[in-house]
Structure formats: C-alpha cells, structure tokens
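Set out below in structure tokens:
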C-alpha cells in the first residue's frame, strides 16, 4: 500500500471498524435468543478487509464538508451490504469458497442456513441504519435509501452476480459480445456499489449534479480497474496474499478479463483505467488526494 | 373462506396482483441480461397466495383514509419481503421444501444460486419501492423504511427464522421455557411482519400512537393465531389443501404448538386468540369489518 493512502486509512478505518463493532454488539432485543445469528453477522463484518466502500463514502463526503464522522452510518450501511454479498457469494450453491480474507468462510463456521440468514439480516440492517441513524433531513435519507437499493439490487450488484453465474462456463471464447458482457457484468457486480458508496457521500453533503456525475464515472472506472486487478491476481497471485483459493475462477470456467484478453492486455487495460481515474479527479484539486491515493492502490494490487 | 372477507379480497387483491406484475415486468435496464433472475423473482411473486400482508396494509390504511390505492407501493413492499423469505426458507440448507403453494419451490425450478439471488433482489427491491414509489412526504417514507427494516431484520422475521432453525430437534420436551421460546419465535418470525404491514398502513395515513399500538397488538395476536392454525394444519391437514408436504415440521423435530401442547390445547389456544383479536377491534367500529373478517378467516383455516 502506498504511504499516502495509509495516512488516510489510518484516520478513517479505525473509526469505521469501531462504529461497526458498536452497531453489532448493541444490546438489542434479538441478540441473546438468536446469538448464533448475531455471531455469524459479526464474524464476517469483523473479518476486516479493505473497507473500500465506507472509505469511499467518507472521502466523497469530505470533498464538501469536514465533519466526516457524520458520514459513518452511511459508510457502514455500504459495508454491511458488501459483507452480506460476500457471505452469499461464498455459499456452496454459488462460488463454493472455503476461505475468505484468510479465514474460513461464514457457512464453513456457522452452517449454510445461518450464513444465508446472516446475509439477509445484514442487508436489512443496512437500510435500518440509513433510516434510523443518519443525521440528515428526511429528504436526504430517502435519497440515500433509493441510492443503496439501486446499487445493491437487480439493476446493480445482485443483477451483476446473476449475470456472473449465468456466464460461467463461457470463459473460453473471445468475441466482442463477451467483452461487452464482461464490462456490463462488472459495472453491475462491483461498479454499482463502488459508485453508490461515492454518491452516498456526495448526497449526504448535498453536492451538486456535476460532482455527482463525475464521481459516478470515477466509481465505474475504479470499479472496473478493481475487477481487472482481481482477475490478474487470481491468475498470478499467491494464495497467502489474496487469502482465497487461487485459480478458482479459472477452474469454474468463469469469464474474466484474463481469460478473455490474456494477461498482458489485461495489464494494459488496467493502466488505461488508472489514467482515466486520475483525469476525472483533476478538477477537484488537493481535496481529492485521498481518492487519488486509492486509485493508485487499486492498480498497485497487480503484483 | 367467509363471504365477508371475499368481498374485501375481491376489491383489493386483483389491484395488488396487477401492481406487482407491472413492477416486475417494468422494462428496466437489468431485465434482459439477467432474465433468469427476473424470471425467478417473478415466479414466486406470481405464485399468488393469500396476499395477507399487503391486504393488511390496505385495510389498516383504510381505517383512516379512502384513497386506498395510494397504499399499493407500501403493501407491495411487504409482499416482496414475505416472498423473499419463503424462497430462502424453502432452500435445501433451510427447510428443504420441494413444494410451495402447490408448485415446485423456486430453487427446484431455477437452481439454488438463482433462488438465493432472487430472494436478495426482492428484499432490496422492497426498500427501493418505499423510497421511489410512495406518494408521501419524506418524513413518512423514512418511517416506513425504518418499520420494514425492523419487521424484517434480525429483531424481527430473520431473527425468528434463526431461532426456529436453532430450536429444531428440541420439539419433544414440554417445559415452560419452550413455550416461551415458541411464542418469541413466532412473534418474530410471523408476527413482526404482520404487525409491520398493519403499522405501515397506519403510518402512511398518519394515524396516532393509540391506533398504532392497538394495531401492533392486533397484529401480534393474529400472527400467533396464524401460526397455531398452521401447526394444526401441518398435523391434520391434507396435502392438497395446504400445497406443501404434510408432517414435514414433525419430521424435522420442530418445536410447534401441537408438538408442545397437543392438538386439543392448540385448538383451544386458537379460539382464545380469536376472541382477543375481535376485542381489540371493537372500538374501531364498522371500519374494521375487513380486519374482523380476516381474523375469522385465520381461525377457520383450522379444518
């Protein structure tokens, strides 16, 4: 990780982690009787990871306002939705993964039923957070709920995941149609939530339409870059550094940027996306240094 | 079904069905590429069923206002959440049911992966509906989002389902602790969404706190009655009339009112809940005739 990003993450991530911990350990009615459900929710949220989406929300908010801790409930909502999607993606009926971030996946620890329910509960909790915990006028809250539902639902992340599953076994061809499919897949599967988390920060700070569309595009670009880097890592990375089974995408015959274009063209594509991302941030000046460092980091993962 | 209820359902249900059909067939971006996802969502929503929750929303709204079609998006949101919960409950890792409402369950038709995603997408779509489609001030919409999240999440339906799974195999005992557990289980698993759908109607019509708490209690009582009737049906009903495998609860060693108290005490309990429900509606006069007919219907199912 580059030093500049580390400075930002050291400021934001501990507070995000703390917020998430307090949230899930809150002594609410259901905790004791359904303790394993709460444990399963907590296990995956607590697994850490990059906290990419909540950091994006905070960074976008900070383009316009300084009191960034106000963005924590919104940031946390995006992290909860991301976490639920990982739990469901890892299930035997989906990607059937045993490891996630170097630890056994949720269903390997709590069983499939509890893993399904933990995902369902995290998704629901994200919307409760927006409705109950965000300090903002109700018109802004409604906008945030709408944005999260769009990013996470059938026209966003879940739709992308469905296309991903439906495309399995089609990773051997090399047609323009597949390249188009792959872009749409990732625009939905990863891009929608990344753009959504940025837009949520802008919306909370009541940013204008021009900043909104600039950050939406930036989100699409880094989302795609993130996925290309992921595909490259899956091909060449080491199991320890990635914390998941290597080559598992290829085994499943999945459509990836590497399977479609080969390794060197995928790397070229990644560099191109990097330039595009930085170009989009240029007019935002110094305030966008955090987002800049993050764009750099996504590309550096390719090692 | 009693004649009085039929009059109400004939007015409401076709409009609810039409609203749901238009919603899922809307030509949105994601529909073509992820067609099987949309098919899977539509398959279960279209399976009909009683539409109990949306009807409750409309009936509660109508206690206060006449333009009941304004309640359709809110009513539909509760039906989508109910439908997603059935899809996930039927999965092999959960109840492992092959039949639902007389048709093959979602995962038997579309596969487990698509069934999991269809459930996730329906839950997300419910919140999008509230944020984007309800004609009401943003303060009311935020209240509706909060109410749905509470009814559906870890302190409501999902929490109840978790307790249900965790209690499997414990259906043979007969202690006071189990009786208490069973009530809490159903207050969450079924009661929370039934009360929630009633409260959503009240909140949309801006009803006062006293009506709110009266209907919350009514919801708890008929929710429990519904479950007691379900347990009795599972013990004595005929496969055709229920549309699901008979005795499947007993096979799983599930804690039910029948396994705990025996058939005749369960019937007595059902009659008691019926009286309680009608008592709660008394001060509401003629306007509550729909809810009255519904309370009668829930008890009549015991045949």
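Residue numbers (the numbering used here), protein chains in the order written: chain A, 29 to 331; chain B, 29 to 331. For glycine and all other residues, C-beta sits at the position ideal for the given N, C-alpha and C.
C-beta atoms of residue 88 of chain A and residue 156 of chain B nearer than 7 Å:
no
Are the Cβ atoms of residue 69 of chain B and residue 190 of chain B separated by less than 7 Å?
no
Specify whether the stretch 87–107 of chain A and the stretch 235–245 of chain A touch according to this definition: at least 3 beta carbon pairs, one from each stretch, less than 8 Å apart.
A contact is defined here as three or more CB-CB pairs under 8 Å, and the stretch 87–107 of chain A meets this definition with respect to the stretch 235–245 of chain A.
When the distance is taken between beta carbons, is residue 123 of chain B closer than 7 Å to residue 171 of chain B?
no
Roughly how many angstroms lie between the CA atoms of residue 30 of chain A and residue 258 of chain B, to the nearest whole one?
Each residue's alpha carbon lies about 60 Å from the other.
Three-state secondary structure (DSSP) of residue 172 of chain A:
helix
Interface flag, residue 214 of chain A vs chain B, CB-CB below 7 Å:
no
For residue 129 of chain A, which option in A:81, A:304, A:120 and A:71 has the closest C-alpha, if you only look at C-alpha atoms?
A:71
Measure the C-alpha to C-alpha separation of residue 300 of chain B and residue 312 of chain B and round it to an integer number of angstroms.
20 Å
Between residue 199 of chain B and chain A, is there a C-beta pair that is closer than 7 Å?
Any reading at residue 199 of chain B must be qualified, since the residue scores a pLDDT of 49, below 50, and its modelled position is unreliable; no value is offered.
Hey, how far is the Cα of residue 333 of chain A from the Cα of residue 41 of chain A?
Here chain A has residues from 29 to 331 only, and residue 333 of chain A is not among them.
Neighbouring residues, chain A, relative to residue 181 of chain B (Cβ below 7 Å):
149, 152, 153 and 156
Cα separation between residue 100 of chain B and residue 328 of chain B?
27 Å
Which word fits residue 94 of chain A, buried or exposed, when buried means at least 16 other C-beta atoms lie within 10 angstroms of its C-beta?
exposed
Pair within 7 Å by beta-carbon distance, residue 121 of chain B and residue 186 of chain A
Residue 186 of chain A sits away from residue 121 of chain B, with the two beta carbons spaced by 7 Å or more.
Nearest residue (CA-CA) to residue 253 of chain B, options B:73, B:222, B:310 and B:39
When each option's Cα is compared against that of residue 253 of chain B, the closest is B:222.
Got a sec: is the Cβ-Cβ distance from residue 189 of chain A to anything in chain B below 7 Å?
Yes, because at least one Cβ of chain B sits closer than 7 Å to the Cβ of residue 189 of chain A.
From A:206, A:113, A:131 and A:50, pick the residue whose C-alpha is nearest to that of residue 220 of chain A; which is it?
A:113
Could you tell me the alpha carbon to alpha carbon distance between residue 320 of chain A and residue 306 of chain A, rounded to whole angstroms?
6 Å
Since residue 231 of chain B is in the alpha helix (DSSP H), which residue starts that stretch and which ends it?
220–232
Let me know the secondary structure DSSP gives residue 120 of chain B once reduced to three states.
coil
Take residue 82 of chain B as the anchor and find which of B:212, B:104, B:92 and B:67 has the nearest alpha-carbon.
B:104
Could you have a look at residue 303 of chain A and say whether DSSP puts it in helix, strand or coil?
helix
Using a Cβ-Cβ cut-off of less than 9 Å, give me the residues of the stretch 131–147 of chain B that come near chain A, in sequence order.
135, 139, 140, 141, 142, 143, 144, 145, 146 and 147
Compute the Euclidean distance between the alpha carbons of residue 209 of chain A and residue 295 of chain A, then round it to the nearest angstrom.
Each residue's alpha carbon lies about 19 Å from the other.
Name the chain B residues that come within less than 7 Å of residue 160 of chain A, Cβ to Cβ?
174
Is residue 252 of chain B helix, strand or coil when you go by DSSP?
helix
Run through DSSP, which three-state label would residue 145 of chain A get?
helix
For the stretch 66–84 of chain A, which residues have a beta carbon sitting closer than 9 Å to at least one beta carbon of chain B?
Correct list: 66, 68 and 69.
Can you pull the chain A residues whose beta carbon is under 8 Å from the beta carbon of residue 64 of chain B, in chain order?
190 and 194
Could you check what DSSP says for residue 261 of chain B in three-state terms: helix, strand or coil?
helix
Cβ closer than 7 Å: which chain B residues qualify as neighbours of residue 178 of chain A?
156
Does DSSP put residue 320 of chain B in a helix, in a strand, or in coil?
helix
List, in order along the chain, the chain A residues whose C-beta lies closer than 7 Å to that of residue 360 of chain B?
Residue 360 of chain B lies beyond the range of chain B shown here (29 to 331); nothing can be said about it.
Spatially closest choice to residue 225 of chain B from B:212, B:108 and B:48, by CA coordinates:
B:108
Quick one: give me the first and last residue of the alpha helix (DSSP H) that residue 88 of chain B is part of.
Residues 80–90.
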